[in-house]
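The structure appears right after this line, and notes come after that.
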Amino acid sequence: MDIEQLRHDTPACARLIHFNNAGAALSPQAVTTSVIEHLQLEQQVGGYEAAARASGQLEQFYHAIAGLLNCNPREIAYAENASRGWNHLLHAIPFEPGDRILTGQSEYASNYLSLLHFARQKQIGIEVIENGDDGRIDLEQLRQRLDSDVRLIALTHVASQSGVVQPAQAVGRLARQHRIFYLLDASQSAGQCPLDVTELQCDMLVGTGRKYLRGPRGTGFLYVRNAIVEYLEPATVELHTVDWRSAHSYRIRDDARRFESWESNVAGKIGLGVAADYAVRTGIPASAERIRQLAAHLRSALRSIPGIQVHEPDTDQLCGLVTFSSEHESAQALHERLQERGINSSVTRRAATLLDFDRRGLNDINRASLHYYNTEEEITAFCGQLER
Ligand SMILES: Cc1ncc(COP(=O)(O)O)c(C=O)c1O
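Here numbering that gives the first Met the number 0 is used: the first residue of the sequence shown is 0, the next is one more, and so on.
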């Protein structure tokens, strides 16, 4: 990878150390320019007229995300964020009272809360499959819980509170064997891990724009496998998502866009398409490898600092998120002091990850999340600050 060029494409790299890529990564210049240019076009010619002129770029969004996931553009829909996309899909699954949903200990907080809320409304059971000591979902426990009442497996590929990559493909194989719907949250993995929906064998997947994909904030996408889309009836419809035939009839679109809203952040959608193309052009396997190596380097450097504890489980299936804490200072205070010195990181709060942190006996901890444009020199500077 041409790191110098990639950093040059990312102007803020010259001014700060950005280790908060799992929060929101820095966008490449091309992404920011595409968004600004579209907003300027809207200002000059009008919003609808600008969208009409940008129809090619808007269509490219679907091709770009399909290229990222190795699927058909018909299987992609734009979503305002991953959580909304995820909920659209959950509410479209044909559940029956008494059905069960299996999820993981590391499920993203808002997904899990949505499951609780949904289960209460629809008399559905939720079961959490625990992680093993390696932080990965216990596949044997999952296998044992699979029976004809299980309608959905919902898994978060990479959680926001740990660098562990879940065995999404092995879960997909089980789901497919048992003919159970499988919904994968790839919000943290999109852009930093190779994602091939055919290999993953997921029926549905969601992602967000602003994290490792380096897209604009307030953007996301969803994928629905073509073979199941007709079984997923959206909870709501609108003019854009149906063919209105008479006073009493309409037909829902037969592709993933049945989950879209007509009104959306057009400039953001263009920007996310540009970001996905940029990610694919940069090379996801090479990006994944570099991120993995940088994060491994950071973990081992952190382990050598007295008073710093690293919280990643013992597995080689780790990506760019690195969690740690200091004996001497609260997570929040440390985070703020780093920020004062031009280093962005974040705090992962127990309240946002109750299932996982309570089982692991953790309270609020620090998180440094690396992208391929970070460098070994930045890691040295970061650790130097921590030591001081
Ligand atoms: C694993 C995971 N899933 C989902 C989300 C939510 O994404 P969005 O804010 O786009 O809804 C996040 C955000 O932090 C996340 O880390």
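Cβ coordinates follow ideal geometry from the N, Cα and C atoms, glycine included.
query: Identity of the residue in H116, R99, F220, S345 nearest R257 by Cα; result: F220
query: C-alpha distance - I92 paired with E237, whole-angstrom precision; result: 19 Å
query: Nearest-angstrom Cβ-Cβ length linking V157 and S188, presumed shorter than 8 Å; result: 5 Å
query: Test item: CB-CB of G162 and L317 under 8 Å; result: yes
query: Collapsed DSSP secondary structure at G86 in the structure displayed; result: The displayed chain sequence assigns Asn, not Gly, to residue 86. Helix at N86.
query: Segment contact, 8 Å Cβ cut-off, at least three pairs: the region 328 to 335 with the region 134 to 144; result: no
query: Beta-carbon proximity check, V30 vs G206, cutoff 8 Å; result: no
query: Whether N343 touches L293 by CB criterion (8 Å); result: no
query: Exposed unless 16 or more other CB atoms sit within 10 angstroms - verdict on R302; result: exposed
query: D355 CB to nearest heavy atom of ligand 1 below 7 Å; result: no
query: Counted within 10 angstroms of its Cβ, other Cβ atoms place P215 as buried (16 or more) or exposed; result: buried
query: Beta strand (DSSP E) segment containing L369, residue limits; result: L369 -> no beta strand (DSSP E), and no H or E assigned at all.
query: Contact the region 83 to 102 vs the region 277 to 287: 3+ CB pairs below 8 Å; result: no
query: Selected residue, minimal CA-CA separation from L320, among S248, N71, C192; result: C192
query: Which of helix, strand or coil DSSP assigns to Y107; result: coil
query: DSSP-derived helix/strand/coil call for A76; result: strand
query: Opening and closing residue of the alpha helix (DSSP H) in which Y61 lies; result: 54 to 68
query: DSSP three-state assignment for H116, whether helix, strand or coil; result: helix
query: Completely contained alpha helix (DSSP H) runs for the region 184 to 250, where each covers 4 or more residues; result: 196 to 199
query: Validate contact between the region 247 to 267 and the region 59 to 79 using beta carbons, cut 8 Å, 3 pairs; result: yes
query: Residue span of the alpha helix (DSSP H) that contains T281, given as start and end; result: 265 to 281
query: Q187 CB to nearest heavy atom of ligand 1 below 7 Å; result: yes
query: Any 3 or more C-beta pairs closer than 8 Å across the region 11 to 20 and the region 40 to 60; result: no
query: Same chain, Cβ closer than 7 Å to N69, five either side skipped, listed in chain order; result: D195, V196, T197
query: Residues near L354 by beta carbon distance below 8 Å, same chain, minus five either side; result: Q104, S105, E106, Y111, V127
query: Status (buried if at least 16 other CB within 10 Å, exposed otherwise) for D254; result: buried
query: Whole alpha helix (DSSP H) elements within the region 116 to 160, 4-residue minimum; result: 138 to 144
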